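Everything in the sequence shown is counted per our numbering, starting at 23 for the first residue and increasing by one. Read the structure below first, then the notes.
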Amino acid sequence: MIPELHYRVAGAARGHFPGHHRSRLGGNGFEFRGHANLHDAPDARRIDVHASLRDPFGRWIVRLHNQRVSIPVAVVADLSASIGVARKQGVLADFVQSLALSAWRTGDSFGFVGCDSTVRRELLLPQTRARGAGTALAASLRALTLAGRSAEGLKQAHGHLPQRRALVFLVSDFHLPLADVAAVLAQLANHDVLPVVLWPHDEFDLGAPRGLADMAEPESGQRRWLWWRPALRERWQAAAQERRAALIQLFRAQRLSPLFIEGVFDADAVTRHFMA
23 MIPELHYRVA
33 GAARGHFPGH
43 HRSRLGGNGF
53 EFRGHANLHD
63 APDARRIDVH
73 ASLRDPFGRW
83 IVRLHNQRVS
93 IPVAVVADLS
103 ASIGVARKQG
113 VLADFVQSLA
123 LSAWRTGDSF
133 GFVGCDSTVR
143 RELLLPQTRA
153 RGAGTALAAS
163 LRALTLAGRS
173 AEGLKQAHGH
183 LPQRRALVFL
193 VSDFHLPLAD
203 VAAVLAQLAN
213 HDVLPVVLWP
223 HDEFDLGAPR
233 GLADMAEPES
243 GQRRWLWWRP
253 ALRERWQAAA
263 QERRAALIQL
273 FRAQRLSPLF
283 IEGVFDADAV
293 TRHFMA
């Protein structure tokens, strides 16, 4: 069974299609907003008899309601070679499958933009409300061989997103220069963005306390043997903590709260992030 997650956007959503999210759009919704004079809001079905009897000017008063609307939900994913190590590719596929199903159940459209050095057009999924779109996409992601030398295509992803404000999940391990991360965030500024950081534990811990380790840089293909000793382990872990702190500082400067996935995909953990 595919696990579901729950998400929400900050503030009122914009749109014209009925859905799950709060909006400022007046209509036949069920969320009470206030009262108005029948002359200003001519809908006799909404007359509030009690409010009309209390009106000192003897006017007919109607109830105003906000209509809940749907929103576009999209994933912008890093598909460079570094995502293909330490089980990150499987976590990405699980995340996409769960989010697509959750969007369908919520009444929202779902889209996907995958990038390595360019936008992978064969994996582009325009906004859709098809129920099985996420399952097919997740299968393609699991079978994909990731060999991209960079994630430069993330800078082009905004051109494939809907013009209307969307909830965008930016999924990556963010092992790219901080200046590039900032550039991608700037181009996504018209949307509600949640950075999803894929950092499995074993990416920063080789396990053995000492010994020779064969280190490989996935995107450049360079390999190097290192003597894995306690001092080098401490430097490695300190560098990981510094990188984490730098990313969090960059995201907070954009008023974004990142979600770190450091093990297997957990739909409940994503829900808790939104409800915190």
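Backbone N, C-alpha and C fix where the C-beta goes; we use that ideal spot for every residue, glycine too. The structure presented is a predicted model; accordingly, all values stated were derived computationally and were not measured.
- Per the C-alpha coordinates, the member of 277, 253, 249 and 284 positioned closest to residue 266 is 284.
- Shown here, residue 100 sits in a strand according to DSSP, grouped into three states.
- Nearest C-alpha to residue 142 among 173, 154 and 116: 173.
- Taking a C-beta distance under 9 angstroms as the contact criterion, residue 114 and residue 145 do not qualify as a contact pair.
- Of the candidates 140, 59, 256 and 180, the residue whose Cα lies closest to the Cα of residue 189 is 180.
- The DSSP-derived three-state label of residue 158 is helix.
- The way I'd put it, the region 96-115 does touch the region 213-228; three or more beta-carbon pairs between them come closer than 8 angstroms.
- Runs of the alpha helix (DSSP H) spanning 4 or more residues and lying entirely within the region 155-207 occur at 155-165, in chain order.
- Contact between residue 169 and residue 132 does not hold, since their C-beta atoms are separated by about 26 angstroms, which reaches or exceeds 8 angstroms.
- Straight through space, the alpha carbons of residue 195 and residue 286 are spaced by roughly 14 angstroms.
- In the three-state scheme derived from DSSP, where H, G and I count as helix and E and B as strand, residue 58 is classed as strand.
- Within a 10 Å sphere around the beta-carbon of residue 268 sit fewer than 16 other beta-carbons, which makes this residue exposed.
- Taking the CA atoms as reference points, residue 153 sits about 19 angstroms from residue 164.
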